[in-house]
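Going line by line, the protein sequences match chains B and S. The first sequence runs 1 to 371 under this note's numbering. The second sequence runs 1001 to 1371 under this note's numbering. All residues carry an ideal CB built from backbone N, CA and C; glycine is no exception. Down below is the structure, laid out as structure tokens.
Number of protein chains: 2
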Amino acid sequence: MRSPSFNPPHRILMGPGPSDAHPRVLKAMASPLIGHLDPHFVGMMDEVKSMVQKTFLTKNHLTFVVSAPGSAGMETCLVNLLEPGDECIICINGVFGGRMVNIAERCGATVHKVETPWGEVTKVTQIKKALKQCPKPKLVALVHAETSTGARQPLEKISDLVHEAGSLLMVDAVTSYCGVPLKVDEWKIDAIYSGTQKCLSAPPGLSPVSFSKRAVKVLENRKTPVQSWFLDLSLVKNYWAGAKRTYHHTAPVSSVYALHEALSIVLEEGLENRWKRHQDVHKYLKKNLEEMGFEFIVKPANRLPNLNAVQLPKGIKDEAKLRRQLLDEFNIEVGGGLGAFAGKIWRIGIMGESCTSNHVNALVGALKQIL
Amino acid sequence: MRSPSFNPPHRILMGPGPSDAHPRVLKAMASPLIGHLDPHFVGMMDEVKSMVQKTFLTKNHLTFVVSAPGSAGMETCLVNLLEPGDECIICINGVFGGRMVNIAERCGATVHKVETPWGEVTKVTQIKKALKQCPKPKLVALVHAETSTGARQPLEKISDLVHEAGSLLMVDAVTSYCGVPLKVDEWKIDAIYSGTQKCLSAPPGLSPVSFSKRAVKVLENRKTPVQSWFLDLSLVKNYWAGAKRTYHHTAPVSSVYALHEALSIVLEEGLENRWKRHQDVHKYLKKNLEEMGFEFIVKPANRLPNLNAVQLPKGIKDEAKLRRQLLDEFNIEVGGGLGAFAGKIWRIGIMGESCTSNHVNALVGALKQIL
């Protein structure tokens, strides 16, 4: 008895992720498996680590890849840095700040929330005020690129305040990594996590992370065990960074192949060229969307180029129906709104391999045909 | 600037996993990505769930796939079923029982350990004794197939005792799933997790899990939040089993493609045929290994066919050197010992696609050439 294989439709991915993967990356996924302790695999892991360092613009020794999606990267940072009774400040201006609060509370930490309306970014004055109420938090966490709203959070001034307070700066870079400027060492980010399926254009399933020396010192001085065994850095680091490569869990071999290829493609293009490409294609998309009556919800200064959150032209009542039509008739995926924005906005991703004029032309052409 | 792609050597995988993947599975990994909320993906997830039910031999509604390797499946079961202050009984006869204890303690549970020498299995009388000391544990956990020792744990009689005590039976089936008889409903297993890279012969990175109605009742009656957000079943189940498929995290799309194909291959072969194949090839391997002076460390009644833990022929001093020679000169991977068995034994896996006479002949021929 033969059962039918699953043959996915050929989509054009312009939602909040996954983005289209390069054929080289897909080909890498199909390479035969080797063992996760094979010397060839271990050598390749070293190359991945080095490329993650280069793309994060960091020299951090504790830089590696969590064997699970971006949300597990978020949890890795929080469960390792926080202990019961710790105080932290978490900034919320969308879904993912809220998720950080949820996880930090499960760590037994006291969370001081800095809330900003969705679509806006946290202001320096808000951080100052929060640091008056909680003068020495263990960490201050922000989302660099809020995937739910398309807002880009400036980090440099806030970083100075956080470090003056003797705290760690933790950053969610899931949607910004490899798409917009992100400088881990220069901006003194102490803990950062990302995902593979956004501007890196690899399949979803892994989370590149990096920790500064300051963060490592905090990890080394923990008084209680990390509540997760799977994400406990004191164990995982012996596999990714230890001299002996001690077995911890079985690494997702094929996904690491794909990540290696995707990182190579990013470095071949060059980070700055890649940032510029996202900005250029964004301008072209913006012009077209605005001509059709779409309105950006984030003001220009804080607008992400790669994740475009827009209100639909007046007169369109059923956004879900229109998205479904784009998918069914044109094979184009765009994202709907999350949480407070559900049913109200679209999120149009132009990330990594999905960031080309051809993608924009396909979307704009299809929309003109439908509307 | 072009950077060299990673081209893995073409290995013959006969270690404790990953095993060789079928070309159909590798091809599935290379399929273009689609969104994790795409109706085609959601439909495919339903098929995966149904095939996981069929291969676990269960009708459990709460059957799905954790987006991370087997160890995260272990953690999923424990963090969801245990709360601080709970008592549980965990049986240890190798590395993975010990890992369960480690995780259960991080959950704040009081663990009653039932320890058995490595290579042996937990006896019914040991469980009886443990249940006298701790008459109503929340759960009793055992490893069905101890990957570190090659021992197969009989479960049926223990299951009766556990349920008479009103407790849940939790089972690690990472290495047994799709290789040896495993009957979730018939054996009244309440919580089970496995991996994809053993007898299923898919790439590592996912963990199929299943929970009985009894376990679901325990989940629903929790008094405290699950300590992990990423693994919290009350959230994950809305993506895998909810009518609305609420976004939780981005599923590892390509790995789920591969799992779909690997499960199809298992069901095409038929579970019973597959179990028989593992038994038959094991007999052939055993005969050959014993002729060369290898000795099995597990007695026949409890010996796994698919994971063969053996002491090397007398006179071989440096097992690591010999393994390295097999890898470098013949491209054959076998596993060394873990923990107490490091440097002392080999673990020869004949799992899934790696379970053929050709694999055995390649290994045996290579060993004869070297020795």
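Nearest-angstrom Cα distance between Met-74/B and Val-114/B? Here residue 74/B corresponds to residue number 74 of the first sequence, with the count starting at 1. Here residue 114/B corresponds to residue number 114 of the first sequence, with the count starting at 1. Cα to Cα, the separation comes out at about 18 Å.
Just checking: is the beta-carbon of Asn-383/B within a distance shorter than 8 Å of some beta-carbon in chain S? In the structure displayed, chain B extends from 1 to 371; residue 383/B sits before or after that span and is not available.
Would you check if the segment 1007-1019 of chain S and the segment 26-35 of chain B touch, i.e. whether three or more CB-CB distances between them fall below 8 Å? Under the 8 Å Cβ criterion, the segment 26-35 of chain B counts as touching the segment 1007-1019 of chain S, having at least three qualifying pairs.
Looking only at its chain, what residues have a beta carbon closer than 7 Å to the beta carbon of Ala-1202/S, apart from the 5 residues adjacent to it on each side? As a working note, residue 1202/S is residue 202 in the second sequence. Excluding sequence neighbours, Ala-1202/S sits near Ala-1021, Val-1025, Thr-1196, Ala-1258, Leu-1259 and Ala-1262.
Does the distance from the C-beta atom of Val-1184/S to that of Asn-1060/S stay below 8 Å? The residue given as residue 1184/S occupies position 184 in the second sequence. The residue given as residue 1060/S occupies position 60 in the second sequence. Going by C-beta atoms, Val-1184/S is nearer than 8 Å to Asn-1060/S.
Going by beta carbon distance, what residues of the same chain come within less than 8 Å of Ser-1357/S, once the five residues before and after it are set aside? If you number the second sequence from 1, residue 1357/S lands on position 357. Within the same chain, Val-1281 and Tyr-1284 come within 8 Å of Ser-1357/S by CB-CB distance, once the 5 residues on both sides are set aside.
Less than 8 Å between C-beta atoms, sequence neighbours within five positions excluded: which residues of the same chain meet that for Tyr-1177/S? Position 177 of the second sequence, counting from 1, holds the residue named residue 1177/S. Non-local beta-carbon contacts of Tyr-1177/S in its own chain, meaning distances under 8 Å to residues more than five positions away in sequence, involve Thr-1055, Phe-1056, Ser-1194, Gly-1195, Lys-1198, Cys-1199, Leu-1200 and Pro-1208 in chain order.
Would you say the segment 1295-1306 of chain S touches the segment 1124-1132 of chain S, given that touching needs at least three Cβ pairs under 8 Å? Taking a contact to require three or more Cβ pairs closer than 8 Å, the segment 1295-1306 of chain S and the segment 1124-1132 of chain S do not qualify as touching.
When you compare each of Glu-1333/S, His-1249/S, Thr-1246/S and Val-1048/S to Phe-41/B by their alpha carbons, which one comes out closest? Position 41 of the first sequence, counted from the start, is the residue given in the question as residue 41/B. Minimum Cα distance to Phe-41/B is reached at Glu-1333/S.
Inter-residue spacing [alpha-carbon to alpha-carbon] between His-1163/S and Leu-1169/S: Counting from one through the second sequence, the residue named residue 1163/S turns up at place 163. Counting from one through the second sequence, the residue named residue 1169/S turns up at place 169. Computed Cα separation, rounded: 8 Å.
Verify whether the separation of the beta carbon atoms of Phe-1296/S and Pro-1313/S is less than 8 Å. Residue 1296/S sits at position 296 when you count from the first residue of the second sequence. Residue 1313/S sits at position 313 when you count from the first residue of the second sequence. The answer is no: Cβ separation not under 8 Å.
Beta carbon proximity, Leu-1013/S to chain B, threshold 8 Å: As a position in the second sequence, residue 1013/S is number 13, starting the count at 1. Closer than 8 Å to some Cβ of chain B, the Cβ of Leu-1013/S qualifies, so yes.
Note the first and the last residue of the continuous beta strand (DSSP E) segment covering His-1112/S. Mapped onto the second sequence, residue 1112/S falls at position 112. Start and end: 1110-1115.
Within chain S, the residues that Ala-21/B reaches when beta carbons sit closer than 9 Å: Residue mapping note: residue 21/B aligns to position 21 of the first sequence, counting from 1. The answer, in chain order, is Pro-1032, Leu-1033 and Ser-1254.
Classify Gly-335/B as helix, strand or coil using the three-state DSSP reduction. The residue given as residue 335/B occupies position 335 in the first sequence. Correct three-state label for Gly-335/B: strand.
List, in chain order, every chain S residue whose beta-carbon is nearer than 7 Å to that of Pro-225/B. Indexing the first sequence from 1 puts residue 225/B at position 225. Going along chain S in sequence order, the residues near Pro-225/B (Cβ under 7 Å) are Arg-1106.
Report the option in Met-51/B, Gly-335/B, Leu-62/B and Gln-53/B whose CA atom is closest to the CA atom of Phe-211/B. If you number the first sequence from 1, residue 211/B lands on position 211. Put simply, of Met-51/B, Gly-335/B, Leu-62/B and Gln-53/B the residue whose alpha carbon is nearest the alpha carbon of Phe-211/B is Leu-62/B.
Whose CA, out of Asp-46/B, Ile-103/B, Phe-96/B and Trp-118/B, lies closest to the CA of Glu-83/B? Looking up residue 83/B in the first sequence gives position 83. Ranking Asp-46/B, Ile-103/B, Phe-96/B and Trp-118/B by CA distance to the CA of Glu-83/B puts Ile-103/B first.
Look up Gly-1327/S in the DSSP assignment and give the residues it is bridged to. Translated into the one-based positions of the second sequence, residue 1327/S becomes position 327. Checking the sequence shown, residue 1327/S turns out to be Leu, not Gly. Beta-bridge pairing links Leu-1327/S to no other residue.
Flag Phe-6/B as yes if its beta-carbon sits less than 8 Å from any beta-carbon of chain S, otherwise no. Position 6 of the first sequence holds residue 6/B. At a cut-off of 8 Å between C-beta atoms, Phe-6/B counts as an interface residue with respect to chain S.
With a cut-off of 8 Å, does the C-beta of Phe-1296/S fall near any C-beta of chain B? Residue mapping note: residue 1296/S aligns to position 296 of the second sequence, counting from 1. For Phe-1296/S, no Cβ of chain B is located within less than 8 Å of the residue's own Cβ.
Which residues, in order along the segment 260-281 of chain B, keep a beta-carbon less than 7 Å from a beta-carbon of chain S? Under the 7 Å Cβ criterion, the segment 260-281 of chain B contributes His-260, Glu-261, Ser-264, Leu-267 and Glu-268.
Going along the segment 157-182 of chain B in order, which residues come within less than 7 Å of chain S, judged by CB to CB distance? Going along the segment 157-182 of chain B in chain order, one finds no residue with a Cβ nearer than 7 Å to chain S.
If you reduce the DSSP assignment to three classes, tell me which class Pro-1208/S lands in. Indexing the second sequence from 1 puts residue 1208/S at position 208. The three-state secondary structure of Pro-1208/S, taken from DSSP, is strand.
What did DSSP end up calling Val-1101/S once you bin it into helix, strand or coil? What you label residue 1101/S is simply residue 101 of the second sequence in a count that begins at 1. DSSP places Val-1101/S in helix when its eight states are reduced to three.
Determine the chain B residues that contact Lys-1027/S at a beta-carbon separation under 9 Å, and present them in chain order. By 1-based counting over the second sequence, the position of residue 1027/S is 27. When 9 Å is used as the limit between beta carbons, Lys-1027/S is near these residues of chain B: Ser-5 and Ala-30, in chain order.
Positions along the segment 1353-1370 of chain S whose CB lies within less than 9 Å of some CB in chain B: Answer set for the segment 1353-1370 of chain S: empty.
Would the segment 218-232 of chain B and the segment 330-345 of chain B be scored as touching if the rule is three or more Cβ pairs under 8 Å? Flag = no, the segment 218-232 of chain B and the segment 330-345 of chain B do not touch.
DSSP three-state assignment for Arg-245/B, whether helix, strand or coil: Sequence index remark: in the first sequence, residue 245/B carries index 245 (1-based). Coil.
In chain B, which residues lie less than 8 Å from Asp-1185/S when you measure between Cβ atoms? Locating residue 1185/S in the second sequence gives position 185, where the first residue counts as 1. Taking a Cβ-Cβ threshold of 8 Å, none of the residues of chain B is close to Asp-1185/S; the smallest such distance is about 22 Å.
Where Asn-308/B falls, given that 16 or more other Cβ within 10 Å makes a residue buried: By one-based count along the first sequence, residue 308/B stands at place 308. The residue is buried, with at least 16 neighbouring Cβ atoms inside 10 Å.
Taking any Cβ of chain S, which residues in the segment 221-246 of chain B have a Cβ under 9 Å from it, in chain order? Those residues of the segment 221-246 of chain B that come within reach of chain S (Cβ to Cβ, closer than 9 Å) are Pro-225, Val-226, Gln-227, Ser-228, Trp-229, Phe-230, Leu-231 and Asp-232.
Spatial distance of Gln-976/S from Val-1218/S (CA atoms): A question about residue 976/S goes unanswered here, because the residues of chain S that appear run from 1001 up to 1371.
Around the Cβ of Leu-231/B, are there at least 16 other Cβ atoms within 10 angstroms (buried) or fewer (exposed)? Translated into the one-based positions of the first sequence, residue 231/B becomes position 231. With at least 16 other beta carbons inside 10 angstroms of its own, Leu-231/B counts as buried.
Can you grab the Cα-Cα spacing for the pair Leu-1330/S / Val-1065/S, in whole Å? By 1-based counting over the second sequence, the position of residue 1330/S is 330. By 1-based counting over the second sequence, the position of residue 1065/S is 65. Sequence check: residue 1330/S is Phe here, not Leu. Taking the straight line from one Cα to the other gives about 35 Å.
Three-state secondary structure (DSSP) of Gly-1349/S: In the second sequence, the residue the question calls residue 1349/S occupies position 349. Looking at Gly-1349/S - three-state DSSP - the assignment turns out to be strand.
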